[in-house]
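First comes the structure, then the notes that go with it.
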Amino acid sequence: MARKPIEQQIAQLEARAKTLKARLAKQDRARDTRRKILIGALVLDRLEHNADAEFSERLANWLRRELPGFLTREDDKALFADLLNGKADAPATIPEPRKAEA
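Numbering of the sequence shown is given in numbering that gives the first Met the number 0, commencing with residue 0 and proceeding in unit increments.
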C-alpha cells in the first residue's frame, strides 16, 4: 500500500480540524442560545408569578430602563410593548411578521 504524501496528510488533517472547529462553534452557539432562552424564561416567570411584588416591580422598572437602549429593531421593541408601556403583568402579544414589499 502506497503511503500518502506528507502534504496530502497535512491537508486532510487541516480539513478535519476545520470541520471539528465548525462543529464546536455550532455547539457553543446552541449552548449560548439555550442559556439566553432559560434566563429570559426566568425573568418572565418572575415578572408574572413572583410572590414578592416589590422585587417584580423593581425588575420591571429595570427592564423599562434598559430595554429601550438594548433593542434596536422595531419588531423586537413590539415584542416588549406591554412591558415598556407599564403593563408587566399583561400577556405579551407577538406581532405579525412584516410582508416583503414588492
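Even glycine gets a Cβ: it sits at the ideal position worked out from N, Cα and C. The structure displayed is predicted, hence computed values, not measured ones.
Alpha-carbon to alpha-carbon, residue j and residue i
i, j, result
"G85", "A77", "13 Å"
"P4", "A14", "16 Å"
"Q11", "R2", "14 Å"
"R64", "N49", "20 Å"
"T162", "L23", "Residue 162 lies beyond the stretch modelled for the chain, which goes from 0 to 101, so this question has no answer here."
"E73", "D81", "14 Å"
"E53", "I36", "24 Å"
"R28", "T18", "15 Å"
"A40", "L58", "14 Å"
"Q103", "K20", "Because the chain is modelled from 0 through 101, residue 103 falls outside the range shown and cannot be assessed."
"S55", "I38", "15 Å"
For residue i, the first and last residue of its enclosing alpha helix (DSSP H)
i, result
"K76", "E73 to L78"
Spatially closest choice to residue i from the options, by CA coordinates
i, options, result
"W61", "T71, L83, D75 and A40", "L83"
Please specify which runs of the alpha helix (DSSP H), each continuous and at least 4 residues long, are wholly inside the region 18 to 69, giving them in chain order. 52 to 69
Quick test of the definition: if touching needs 3 or more C-beta pairs under 8 Å, does the region 35 to 50 touch the region 64 to 73? no
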